[in-house]
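Let me begin by presenting the structure, written as structure tokens, before commenting on it.
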Amino acid sequence: MEEIGNLFHGFATVIQPFNIMVMLVGILLGVIIGVLPGLGGANGVAILLPLTFSMSPTSAIIMLSCIYWGALFGGAITSILFNIPGEPWSVATTFDGYPMAQKGKAGEALTAAFTSSFVGAFFAVVVITLVAPLVAKFALQFGPAEKFAVYFLAFCSFIGMSKEPPFKTLAAMMIGFALGAVGLDQVTGQLRLTFGFETMLTGFDFLIAVIGLFGIGEILLTMEEGLSFKGRAAVINSKVVWETWKELPRYWVTSIRSCIIGCWMGITPAGATPASFMSYGIAKRISKNGANFGKGEIEGVIAPETAAHAAGTSALLPMLALGVPGSPTAAVLLGGLLIWGLQPGPMLFVEQKEFVWGLIASMYLGNVVGLVVVLTCVPLFAAILRIPFSIIAPIILVLCAIGAYSVHNSTFDVVLMLVFGVVGYVMKKCNYPMAPMVLAIVLGDKAEESFRQSLLASQGSLKIFFANGLVGTIMALGLIALFWSVISKGVSRLRSAPAGRSA
Amino acid sequence: MTRHLQYLGLAALALSAVAVSPAQSAWEPTKPVEFIVPAGTGGGADQMARTIQGIVTKHNLMKQSMVVINKAGGAGGEGFLDVKNSKGDPHKIIITLSNLFTTPMATGIPFSYKDLTPVAMLALDEFILWVNADKPYKSAKEYVDAAKAAGGTFKMAGTGSKQEDQIITEAMQKATGAKFIYIPERGGGAVAVQLVGGHVDSTVNNPIEAVAHWKGGKVRPLCVFDSKKLDYKDKIAGDMSWNDVPTCKSAGLDIEYLMLRGVFMTPGATPEQVNYYVDLFKKVRETEEWKKLMSEGAFNTTFMTGADYLKWVGTEEKRHEDLMKAAGFMAK
Chain D
1 MEEIGNLFHG FATVIQPFNI MVMLVGILLG VIIGVLPGLG GANGVAILLP
51 LTFSMSPTSA IIMLSCIYWG ALFGGAITSI LFNIPGEPWS VATTFDGYPM
101 AQKGKAGEAL TAAFTSSFVG AFFAVVVITL VAPLVAKFAL QFGPAEKFAV
151 YFLAFCSFIG MSKEPPFKTL AAMMIGFALG AVGLDQVTGQ LRLTFGFETM
201 LTGFDFLIAV IGLFGIGEIL LTMEEGLSFK GRAAVINSKV VWETWKELPR
251 YWVTSIRSCI IGCWMGITPA GATPASFMSY GIAKRISKNG ANFGKGEIEG
301 VIAPETAAHA AGTSALLPML ALGVPGSPTA AVLLGGLLIW GLQPGPMLFV
351 EQKEFVWGLI ASMYLGNVVG LVVVLTCVPL FAAILRIPFS IIAPIILVLC
401 AIGAYSVHNS TFDVVLMLVF GVVGYVMKKC NYPMAPMVLA IVLGDKAEES
451 FRQSLLASQG SLKIFFANGL VGTIMALGLI ALFWSVISKG VSRLRSAPAG
501 RSA
Chain B
504 MTRHLQYLGL AALALSAVAV SPAQSAWEPT KPVEFIVPAG TGGGADQMAR
554 TIQGIVTKHN LMKQSMVVIN KAGGAGGEGF LDVKNSKGDP HKIIITLSNL
604 FTTPMATGIP FSYKDLTPVA MLALDEFILW VNADKPYKSA KEYVDAAKAA
654 GGTFKMAGTG SKQEDQIITE AMQKATGAKF IYIPERGGGA VAVQLVGGHV
704 DSTVNNPIEA VAHWKGGKVR PLCVFDSKKL DYKDKIAGDM SWNDVPTCKS
754 AGLDIEYLML RGVFMTPGAT PEQVNYYVDL FKKVRETEEW KKLMSEGAFN
804 TTFMTGADYL KWVGTEEKRH EDLMKAAGFM AK
């Protein structure tokens, strides 16, 4: 158990007054960054990176990873209160988090989200501690075919589990794929669907689409329904945290399942976004309360948040062990490592033990400190909903516009965001689900890329997707998820047949 | 007349006063400088830009701050167009890789290096042929022979499509007659990991992108695509140093390719503004951190500015045009 010894050594490094202070500052900055849509963890870490150069590498990475934690926690706040996900993996949190806030249960939703994030991340850190050396090997098994299989599974579990009319789901998803395809085709290096407009080069950024579809679309709907927040009735009670906590242990199965999905997706290079969608989809199908998902079910907040954070945390491991950042934020952290003269890669664990275990120890503590900080602020956050709509709506609009602008520093994106707002409004009115569209924008081009890379490697043979046990198993799981509703109907028929009630 | 002379004398005095304290008259940034990276995070250009940002901040080389911004859309076209369209804004500089040439050629995006103001060449990045350390190939010749024998099933992973890695792969096919399946990945780090995982047979990663895996004994360098061996003699993996990697030419693979890591700024910049950045990069090159990056990544440390730099870039564009035409990569 050499790891445990190393870890305690790491704790000794982290628990110094200066490092604890750095940690608190990092979490607070992170929460602020996370709340501002578009600013996101990656930008925040990038802006604050220079602050850390005067510190020792260990203190600096503690600060940066705490900003990262803070931003992850902060992202849930806007998702739940205003239906504006700040990061791709917060999208699934809005599905039930926002309806909960509308019902006046913002405090419960926030508490559930923060606690689940904590549980997910904590589980992932434990996994990292125990299996760090093995994880790198597992991640290496993922070639293009395996990556595609994971995306395939994410799509399938989402479609198969959805209860919307299948054709509307499909239509929304196809629009998402089309939007995701705009820009440079990674495989041939050619531009497509840009129609000669230079501004279309970059394609449609996910964040702009989401800020428009969810944020602006929601404001338009609220305006139509009479200029007031439904969440106004929110009971602001400082006991809300304890009361929610009493409820949470009931959902332990969902939590554990989401932790496992998250860790697995984080270590494979798929990342937090598919993890959150997949976890939500599966929970919706398996849970007893599945039919209420989307209407403000606490389990619908727990599942995606736990998985996203388990994934986000375990994704740091491939970054350290292989040097491939799993997220933009991880990429900026990678830049930080290089400036301190640390070369990420398999040798980091051998040559820089103190640093690596200091980082892992800071994940434990940063997470605990972060949870305490955000939970104490829950009543404060929930109170935001009491501000009259006529004051808060313009503020949200401005924040949305700043967020959309800061993605590429482009005013065209602000216009685009407004257009997406109108699209979101129309889709809501016509009862088209937006989630499949968003999923396709986020993962569509990545899935396409790994699909075509696989076919290049196999020279056109689809057998590559069943070429070994790993990829075959994931694909089979995907197919089962896709046809789950058919399968489960079949199963229930078989069961009821002996009872003589077969239709 | 005398009065005029007096005035002249005063003017001369004033001039000499200025000459004594040149810092006051020279141009300096008055707001944060955006350092654009026309590529994704974590790649070679990004690592270099972020290291420079760190050096500038740590050593206080600039009064204003420097912000690194990735504009990777359209194979870097997003970043180049942004700089091209910011005419007269001296607070925006861009680091380049070979996509300075290949992106407009392959995609037809309307820009050329002539639209930008050249500042300085910081270094040249080398390319090395890598294979997985578990494979038996000890030399480039053995590897190429095996690739030929396999009849076109060997896989080469590289960064992007119709960019430097694919150009080298194409040149290898021409030079040897062996055929490779080229698989484009998004960045150099991902390319190296695909090799370590055994999903492809070889890569032409830059040294900095694969050095960590080499140290870990996962990959093996076969040859470097340069006319001479690398200068760095520090031991890196076992008793091998960069200097021990043979040239590809000596292995019968007569291909040379070096990639520009240079800096340009917006159109319409004045000579004072260019000089400011040239001085800044000269100071950056003096620091320990920069030297460490150079030796870690086995960079060729040629530094060029002004007319020499412009001439070098011009020749290089012509060469890329020939290479791209020969490979059939030009946009129609």
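Read top to bottom, the protein sequences are chains D and B.
Going by our numbering, the residue at position 259 of the first sequence is 259; the numbering climbs one at a time, nothing skipped.
The number in our numbering is simply the position in the second sequence, starting from 1, with 503 added.
No residue lacks a Cβ here, since even glycine has one placed at the ideal position from N, Cα and C.
Item	Value
Beta-carbon proximity of glycine 690/B to glycine 543/B, cut-off 8 Å	yes
Other residues of its chain near threonine 129/D: CB distance less than 7 Å, five sequence neighbours each side excluded	Glu3, Leu7 and Ile360
Per DSSP, cross-strand counterpart(s) of leucine 632/B	Cys726/B
Alpha helix (DSSP H) segment containing leucine 439/D, residue limits	435-458
Rounded straight-line distance, which links the Cα of threonine 773/B to that of leucine 443/D	44 Å
Chain-ordered chain D contacts of glutamine 697/B [CB-CB under 7 Å]	Gly143
C-beta contact flag for lysine 731/B and asparagine 746/B at 8 Å	no
Per DSSP, cross-strand counterpart(s) of methionine 23/D	Partner(s): none; methionine 23/D has no beta bridge.
For aspartate 737/B, three-class secondary structure by DSSP	coil
Local Cβ density within 10 Å of lysine 284/D, reported as buried at 16 or more and exposed below that	buried
Glutamate 759/B and aspartate 782/B closer than 8 Å at C-beta	no
Residue-level contact to chain D via CB, proline 687/B, 8 Å cutoff	yes
For serine 117/D and leucine 72/D, believed in contact at Cβ under 8 Å, the rounded distance	6 Å
Residues of its chain near leucine 220/D, where Cβ-Cβ distance is below 7 Å and the 5 sequence neighbours each way are ignored	Gly421 and Tyr425
Span separating the alpha-carbon of alanine 829/B from that of methionine 63/D	51 Å
Selection of the region 701-719 of chain B by Cβ proximity to chain D, strictly under 7 Å	His702, Val714, Ala715, His716, Lys718 and Gly719
Cα-Cα separation, alanine 310/D to leucine 317/D	12 Å
C-beta neighbour in chain B for glutamine 344/D, strict 8 Å	This sequence places proline at residue 344/D; glutamine is not what is there. It does: the Cβ of proline 344/D has a partner Cβ on chain B nearer than 8 Å.
Proximity test, Cβ basis, 8 Å: glycine 577/B and chain D	yes
Range covered by the alpha helix (DSSP H) that runs through tyrosine 760/B	Premise fails: tyrosine 760/B is in no alpha helix (DSSP H) and is neither H nor E.
Chain D contacts from the region 662-692 of chain B (Cβ-Cβ distance under 9 Å)	Gly663, Ser664, Lys665, Gln666, Gln669, Ile684, Tyr685, Ile686, Pro687, Glu688, Arg689, Gly690 and Gly692
Cβ separation of proline 85/D and serine 79/D, assumed to be a contact under 8 Å, to the nearest whole Å	5 Å
Rounded Cβ spacing between glycine 620/B and threonine 769/B (contact assumed at less than 8 Å)	Here residue 620/B turns out to be threonine, not glycine, going by the sequence shown. About 7 Å separates the two Cβ atoms, so the contact holds.
Neighbourhood of glycine 26/D by C-beta distance below 6 Å, restricted to the same chain and skipping five residues each side	Met63, Cys66 and Ile67
C-beta atoms of phenylalanine 293/D and alanine 154/D nearer than 8 Å	no
Secondary structure, alpha helix (DSSP H): runs of 4+ residues fully inside the region 138-165 of chain D	144-161
Identity of the residue in Phe138/D, Ala76/D and Ala124/D nearest alanine 109/D by Cα	Ala76/D
Beta-ladder partner(s) of threonine 13/D, from DSSP	BP columns for threonine 13/D are empty, so no partner.
Within 8 Å, strictly: CB atoms of asparagine 602/B and proline 541/B	yes
Cβ neighbour criterion (16 or more within 10 Å) applied to lysine 534/B	exposed
Rounded straight-line distance, which links the Cα of alanine 529/B to that of valine 523/B	Caution is warranted here: a pLDDT of 44 is assigned to valine 523/B, below 50, making its placement in the model unreliable, and the coordinate value is therefore given only provisionally. Answer to the nearest angstrom: the Cα atoms are 12 Å apart.
Same chain, Cβ closer than 6 Å to leucine 179/D, neighbours up to 5 away in sequence not counted	Phe204 and Ile441
Contact with chain D by isoleucine 612/B, beta-carbon distance below 8 Å	yes
Alpha-carbon spacing of methionine 347/D relative to leucine 320/D, whole angstroms	9 Å
Residues bridged to serine 705/B [DSSP beta-bridge criterion]	Val634/B and Met659/B
Three-way DSSP call (helix, strand, coil) for glutamate 820/B in this model	helix
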